[in-house]
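Scroll down for the structure; my scribbles are underneath it.
2 protein chains.
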Amino acid sequence: MPRPRSPLLSRRLIVEQALAIIDADGLEELSTRRLARDLAVRAPSLYNHFATKEEILDAAANEIIAGVDLSMFGREPWPVALTQFARAYRAALVAHPKAVPLIVRGPARRPAALRLAETVFGALVDAGWPRRDATSIGAAMRYFVAGSALGSFALGFEADARLYAEEYPHLVDAHRLREHQREVDERAFGLGLESMVAGLVRRFAALNRA
Amino acid sequence: MPRPRSPLLSRRLIVEQALAIIDADGLEELSTRRLARDLAVRAPSLYNHFATKEEILDAAANEIIAGVDLSMFGREPWPVALTQFARAYRAALVAHPKAVPLIVRGPARRPAALRLAETVFGALVDAGWPRRDATSIGAAMRYFVAGSALGSFALGFEADARLYAEEYPHLVDAHRLREHQREVDERAFGLGLESMVAGLVRRFAALNRA
DNA sequence: GTCTATACGCGGATAGAC
DNA sequence: GTCTATCCGCGTATAGAC
Numbered sequence: 000m001p002r003p004r005s006p007l008l009s010r011r012l013i014v015e016q017a018l019a020i021i022d023a024d025g026l027e028e029l030s031t032r033r034l035a036r037d038l039a040v041r042a043p044s045l046y047n048h049f050a051t052k053e054e055i056l057d058a059a060a061n062e063i064i065a066g067v068d069l070s071m072f073g074r075e076p077w078p079v080a081l082t083q084f085a086r087a088y089r090a091a092l093v094a095h096p097k098a099v100p101l102i103v104r105g106p107a108r109r110p111a112a113l114r115l116a117e118t119v120f121g122a123l124v125d126a127g128w129p130r131r132d133a134t135s136i137g138a139a140m141r142y143f144v145a146g147s148a149l150g151s152f153a154l155g156f157e158a159d160a161r162l163y164a165e166e167y168p169h170l171v172d173a174h175r176l177r178e179h180q181r182e183v184d185e186r187a188f189g190l191g192l193e194s195m196v197a198g199l200v201r202r203f204a205a206l207n208r209a
Numbered sequence: 000m001p002r003p004r005s006p007l008l009s010r011r012l013i014v015e016q017a018l019a020i021i022d023a024d025g026l027e028e029l030s031t032r033r034l035a036r037d038l039a040v041r042a043p044s045l046y047n048h049f050a051t052k053e054e055i056l057d058a059a060a061n062e063i064i065a066g067v068d069l070s071m072f073g074r075e076p077w078p079v080a081l082t083q084f085a086r087a088y089r090a091a092l093v094a095h096p097k098a099v100p101l102i103v104r105g106p107a108r109r110p111a112a113l114r115l116a117e118t119v120f121g122a123l124v125d126a127g128w129p130r131r132d133a134t135s136i137g138a139a140m141r142y143f144v145a146g147s148a149l150g151s152f153a154l155g156f157e158a159d160a161r162l163y164a165e166e167y168p169h170l171v172d173a174h175r176l177r178e179h180q181r182e183v184d185e186r187a188f189g190l191g192l193e194s195m196v197a198g199l200v201r202r203f204a205a206l207n208r209a
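Heads up: the sequence lines are chains U and P, in that order. By numbering that gives the first Met the number 0, the letter at position 11 of the first sequence is numbered 10, and the numbering carries on one by one without gaps. By numbering that gives the first Met the number 0, the letter at position 29 of the second sequence is numbered 28, and the numbering carries on one by one without gaps.
Here's what the structure looks like:
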């Protein structure tokens, strides 16, 4: 098949299909050959739209971050906005759990990720936080959200009860964590998030007393 | 070279070299060929000691977790112990930052990781935390520590000042984050950790008042 | 029972025809 | 702008020397 009348591919089509493959079968299964096959072309054609596979992954990561709701900043008091943001951030990552390793690399030059950083940092500074603390809070949020979305805590344990029974007495019920995976992970995220924000509120008050 | 008099390889040697390669050049560079070359053997020889490459990675992950100090539990009040543990946990992961994706998978059947879970969970329950909350706290700690060790916040930003100047006014100084990477990331971890523990102390007090 | 030699299939990427 | 052909390196698997 020589050059077609109208392009068979586009950056948008490629990114969409890449995300679909990642969501369905994981990052390891995303190969240029597989991606091309699902788009009904040959692998080298992809290189007319992206210089490397890396660029395709970068575009997919930007797409995910672009979906994070940031509208609470400037509309809610900072502790409320921060909590809502963390939940929205986590929701976006959990919607594509197999793509999380991509996002953890940082904003780099991805527009959506830079806009997110700008918004969160700006809102905290506007609320009265020192710039240095605002940076720390933004970073801490990313640590916690990314860590929670990267890998389930509950799924890290085997379903085999005998594994724990003898040697790990406190973990006698650990084999049941998998059954309640969603609930266990969301409860842990909620507890950690609320605790961290409560601690920040205390610190903010102490800061303004001084 | 036929069969040598004494074995050239051992599980310990292989795991040590694997960690050295990961630390030096990253997970992607760890191939069986590279690993074998650095050990002065041929790649297939590795399969006499490990069934798959996956098993080698698993053993490396266990080695890292085995280095986490847990002695503070049962010796310090739980808020102090939890804080010290989180710092020790992070230190172990930061010593092998490129191996963090391995550890985030959870304890599975790795003895050192199971011992860690057993110790942390047991200490919290012994201190008076409900089992469900103790699970959440253990999970939240893992989220935060893994997220912080997985990828630097500071290094996620480019050193190019022009990237931020026009479109992201609040990020005018973001290009300098890289210069102070260690300090920025450690300060953020400390702020998040102290805030979370402070919030947990509050919650614990409320729990015991009820 | 440990290592060597060798082969297979698949990965990312490039050159050049059309 | 997509194709064919091709390169190199990866993990895996098996046969056989000793």
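Cβ atoms here follow ideal geometry from the backbone N, Cα and C, with glycine treated the same way.
- Taking DSSP as the reference, what is the three-state secondary structure of Glu157(U)? In the structure shown, the three-state DSSP call for Glu157(U) is coil.
- Using 8 Å as the limit for Cβ to Cβ distance, is Ile136(P) near chain U? yes
- Quick one: Cα of Leu101(U) to Cα of Ile13(U), how far? 17 Å
- Query: What residue does the alpha helix (DSSP H) around Lys52(P) start on, and which one ends it?
  - Reply: Lys52 to Ile64
- Nearest-angstrom Cα distance between Met140(U) and Pro129(U)? Roughly 17 Å between the two C-alpha positions.
- Item | Test: Ser194(U) CB closer than 8 Å to a CB of chain P | Yes, its Cβ sits closer than 8 Å to a Cβ of chain P.
- Message: 8 Å is my cut-off, CB to CB: does Ser225(U) come that close to chain P?
- Response: What the structure shows of chain U is the stretch from 0 to 209, and residue 225(U) is not part of that stretch, so it cannot be assessed.
- Can you tell me which of the three DSSP states Glu75(P) falls into? strand
- Report the option in Pro43(P), Gly66(P), Ala204(P) and Ala173(P) whose CA atom is closest to the CA atom of Leu115(P). Gly66(P)
- Query: Which word fits Thr82(U), buried or exposed, when buried means at least 16 other C-beta atoms lie within 10 angstroms of its C-beta?
  - Reply: buried
- Task: Find the nearest neighbour of Lys97(U) within the set Gly73(U), Glu27(U) and Asn47(U), judged by alpha-carbon distance.
- Result: Glu27(U)
- Give the DSSP-derived three-state secondary structure of Ser9(P) in the structure shown. coil
- Opening and closing residue of the alpha helix (DSSP H) in which Ala39(P) lies: Segment: none, Ala39(P) is in no alpha helix (DSSP H) and carries neither H nor E.
- From Ser9(U) to Ala35(U), what distance separates their C-alpha atoms? 12 Å
- Message: So if I threshold CB-CB distances at 9 Å, which residues from the segment 144–163 of chain U count as touching chain P?
- Response: Val144, Ala145, Gly146, Ser147, Ala148, Leu149, Gly150, Ser151, Phe152, Ala153, Leu154, Gly155, Phe156, Glu157, Asp159, Leu162 and Tyr163
- Query: Closer than 8 Å, CB to CB, is Pro1(U) near chain P or not?
  - Reply: With a pLDDT of only 47 at Pro1(U), under the threshold of 50, the placement of this residue in the model should not be trusted, and no figure is reported.
- Task: Under the assumption that Ala138(U) contacts Asp184(P) (Cβ atoms under 8 Å), give the Cβ distance between them as a whole number of angstroms.
- Result: 7 Å
- Residue-chain proximity (Gly198(U), chain P), Cβ-Cβ < 8 Å: yes
- Task: Using three-state DSSP, classify Asp172(U) as helix, strand or coil.
- Result: coil
- Item | Selected residue, minimal CA-CA separation from Leu92(U), among Glu62(U), Ala107(U) and Arg131(U) | Glu62(U)
- Message: List, in chain order, every chain P residue whose beta-carbon is nearer than 9 Å to that of Val124(U).
- Response: His169
- Task: Let me know the secondary structure DSSP gives Tyr167(P) once reduced to three states.
- Result: Secondary structure of Tyr167(P) (DSSP, three-state): coil.
- Query: Residues of chain P with a CB under 7 Å from the CB of Ala116(U): which are they?
  - Reply: Leu170
- Output the distance between the C-alpha atoms of Thr118(U) and Leu113(P), rounded to the nearest integer angstrom. 40 Å
- Query: Interface residues of chain P around Leu218(U) at Cβ under 9 Å?
  - Reply: Chain U is shown from 0 up to 209; residue 218(U) falls before or after that span and cannot be answered.
- Whether Leu162(P) touches His179(P) by CB criterion (8 Å): no
- Tell whether a beta-carbon distance below 8 Å holds between Phe120(P) and Tyr142(U). no
- Which bits of chain P does Arg181(U) rub up against, with CB to CB less than 8 Å? Correct list: empty, because the minimum Cβ distance to chain P is about 13 Å.
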